[in-house]
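> Chains as they are written, first to last, in our numbering: chain E, -19 to 73; chain F, 3 to 424.
Quick reminder that beta carbons are idealized off the backbone N, C-alpha and C, glycines included.
Remember, it's a predicted structure, so these values are computed and weren't measured experimentally.
The structure's right below; bear with me while I get my questions together.
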């Protein structure tokens, strides 16, 4: 019983480490520019950008193709701001 | 005939069915992701980290003008630095940030050239002291009901400020400009963002810091420290005001940043600078003004340029007022693939002094007085936030007796740095 509780606790801690706190903000920013964008496509693009920051990935390219108001630079900037940069690395930000 | 018509109708409807099915699948997938997001939003702990490996080939030639003697320092040094960040969102208005870190030369421990506790505190895990972990960051931030106003208290992210992040093509990751202070400070901060009063393309932020030093006896926590000339005053006040102005535009650069850092301290005790021989404790006081002017994406290209200017007036009880002017210039180009090519140029005078405690290089490029040098670098990003940077520190420095540099030196150190953020 104690073993199972400990395991649940440890798994809980580790799953929280995987949290992507800024995903909602990232999707929100893209939807603000392109309200018709599919949010799943934006999230898949975020997964691609987590691997490497360029816009030649499949879903990222598709997202930019469907939303002409958004360019690669802005998308990467938005990704960095909400997903990559650590909140608090500049005091007060 | 009926069968044929039915078959044709079914075939016509197939794309529509497929589309409906795809939409349903997408909708279900989205629901599942939303569920996961809601679950995650209850998980308030966020973990991240940075691992850095650094190897540097030392090549310095010293010359003593007093007697003409010469010597060289050759060899290779390798070190590593690890920082683990544990950030916790206590509520929508309160955040806690922390970094537990260590930095060491490979298979070497206990290296610490700093005798004074205040400098050791400013250094944290930097300076390659060993594998004992230290907290480089541990602070709370409160957002006020007026969201433009916030407060911070604790051990703050004052080190590693601009333009250091541009060497690796990253976004800003430190508060004070690195040529104003590259050290870790504990204290209080008040931050105000004037965005409500400005158009969208203008930003103005003020950050005010109070970071006092305390000099205490090492065994009795309530007693003040002493030196051979008597009791040292318990507290030295230090105040810093950082005003940041940014303009987003297309010409001449996508973003222009002008930061002004003013700091002041008084009654600071340094055990190594009790030189007056006047049988009383000699305190230091200084004012500093750092200006950072940065242009990002000049003419919509990948070019970035910044000029950091440091003006210091300092005086100890046992010496005259000294003035120091120094500059650090940084020009770099970031390609669309994220590769960064750049050069830094430094000019420092004989009385130049910078609190450069939180360093990762094995040379004194950023802190040497009477220095004229350049730093060439190229950084390559790889997948999963990995970066490999190669560079050369090339500088010539003259004597600076006021800062205990009695020899001239010529340094050409090549280095390789690997970094991964996770």
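From F/298, F/245, F/424 and F/323, pick the residue whose C-alpha is nearest to that of residue 253 of chain F; which is it?
For residue 253 of chain F, the nearest C-alpha among the options comes from F/298.
> Taking only the alpha-carbon atoms, compute the straight-line gap between residue 362 of chain F and residue 24 of chain F and give it to the nearest angstrom.
A direct Cα-Cα distance of roughly 52 Å separates residue 362 of chain F from residue 24 of chain F.
> Span of the alpha helix (DSSP H) holding residue 124 of chain F?
In the DSSP annotation of this structure, the continuous segment of the alpha helix (DSSP H) that includes residue 124 of chain F starts and ends at 119 to 125.
> May I ask you to list, following chain order, the residues of the stretch 78 to 99 of chain F that have a beta carbon less than 8 Å from some beta carbon of chain E?
Close to chain E, meaning a Cβ-Cβ distance shorter than 8 Å, are the following residues of the stretch 78 to 99 of chain F: 87, 89, 91, 97 and 99.
> Hey, could you find the ends of the alpha helix (DSSP H) residue 255 of chain F is sitting in?
First-last for residue 255 of chain F: 255 to 271, but that is the beta strand (DSSP E), not the alpha helix (DSSP H).
> What are the boundary residues of the alpha helix (DSSP H) that residue 9 of chain E is part of?
3 to 13
> Checking 9 Å against the spacing of the C-beta atoms, do residue 155 of chain F and residue 185 of chain F come in under that value?
The Cβ atoms of residue 155 of chain F and residue 185 of chain F do not sit closer than 9 Å to each other.
> Can you tell which of F/370, F/139 and F/202 has its C-alpha closest to the C-alpha of residue 100 of chain F?
F/139
> Between which residues of its own chain and residue 216 of chain F is the CB-CB distance below 7 Å, once the five residues before and five after are set aside?
236 and 237
> Would you mind reading off the limits of the alpha helix (DSSP H) that contains residue 53 of chain E?
52 to 59
> Indicate whether at least one CB of chain C lies closer than 9 Å to the CB of residue 207 of chain F.
Here the protein chains are E and F, and chain C is not one of them.
> Compare the C-beta of residue 416 of chain F with all C-beta atoms of chain E and state if any pair is closer than 9 Å.
No, its Cβ sits nowhere closer than 9 Å to a Cβ of chain E.
> Please classify residue 269 of chain F as buried or exposed, where buried requires at least 16 other C-beta atoms within 10 Å of its C-beta.
buried
> Would you please verify whether the beta carbon of residue 386 of chain F is less than 9 Å from any beta carbon of chain E?
yes
> Check whether chain F comes within 9 Å of residue 58 of chain E, counting only Cβ atoms and requiring the distance to be less than that.
no
> Can you check whether the C-beta of residue 143 of chain F is within less than 9 Å of a C-beta belonging to chain E?
Yes, because at least one Cβ of chain E sits closer than 9 Å to the Cβ of residue 143 of chain F.
> Please tell me whether, using a cut-off of 8 Å, the distance from the CB of residue 82 of chain F to the nearest non-hydrogen atom of the ligand MN is below it.
Summarising the ligand content, the structure contains no ligands, and the ligand MN is consequently not present.
> Compute the distance between the beta-carbons of residue 103 of chain F and residue 127 of chain F, then report whether it is under 9 Å.
yes
> Name the chain F residues whose beta carbon is nearer than 7 Å to that of residue 19 of chain E?
Per Cβ cutoff of 7 Å: 32.
> Alpha carbon to alpha carbon, what distance is there between residue 167 of chain F and residue 423 of chain F?
13 Å
> Measure the Cβ-Cβ separation of residue 2 of chain F and residue 198 of chain F and say whether it is below 9 Å.
Any question about residue 2 of chain F goes unanswered here, given that chain F covers just 3 to 424.
> Between residue -4 of chain E and chain F, is there a C-beta pair that is closer than 9 Å?
Reliability of the predicted coordinates at residue -4 of chain E is poor, the pLDDT of 43 falling under 50, and the value obtained from them is presented with this limitation in mind. Yes, its Cβ sits closer than 9 Å to a Cβ of chain F.
> In chain order, what residues of the same chain have a beta carbon less than 6 Å from the beta carbon of residue 233 of chain F, not counting five sequence neighbours either side?
So the list reads 226, once near-sequence residues are dropped.
> Pop quiz: residue 318 of chain F and residue 355 of chain F are said to be a contact at Cβ under 8 Å. What is the actual Cβ separation, rounded to whole angstroms?
Rounded, the Cβ-Cβ distance is 12 Å, inconsistent with contact.
> By how many angstroms is the C-alpha of residue 272 of chain F removed from the C-alpha of residue 336 of chain F?
42 Å
> Looking at the structure shown, is residue 464 of chain F part of a helix, part of a strand, or coil, going by DSSP?
For chain F, the structure presents residues 3 to 424; residue 464 of chain F sits outside this window and is missing.
> For a contact defined as C-beta to C-beta under 8 Å, what are the partners of residue 176 of chain F on chain E?
69 and 70
> Taking C-beta to C-beta, are residue 240 of chain F and residue 265 of chain F nearer than 9 Å?
yes
> Where residue 309 of chain F and residue 329 of chain F are concerned, what is the direct C-alpha to C-alpha distance, given to the nearest angstrom?
7 Å
> Would you identify the three-state DSSP class for residue 63 of chain E, choosing helix, strand or coil?
helix
> Under 9 Å between the Cβ atoms of residue 151 of chain F and residue 204 of chain F?
no
> Just verifying my parser: in three-state terms, what is the DSSP assignment at residue 315 of chain F?
strand
> If you count every other CB in all the chains shown that lies within 10 Å of the CB of residue 385 of chain F, and 16 or more means buried, which is it?
exposed
> Output yes or no for whether 9 Å exceeds the beta carbon distance between residue 164 of chain F and residue 143 of chain F.
no
> Residues in the stretch 335 to 348 of chain F with C-beta within 7 Å of chain E's C-beta atoms, listed in sequence order?
339 and 340
> Thinking just about the alpha-carbon of each residue, which of F/188, F/316, F/220 and F/133 is nearest to the one in residue 211 of chain F?
It is F/188.
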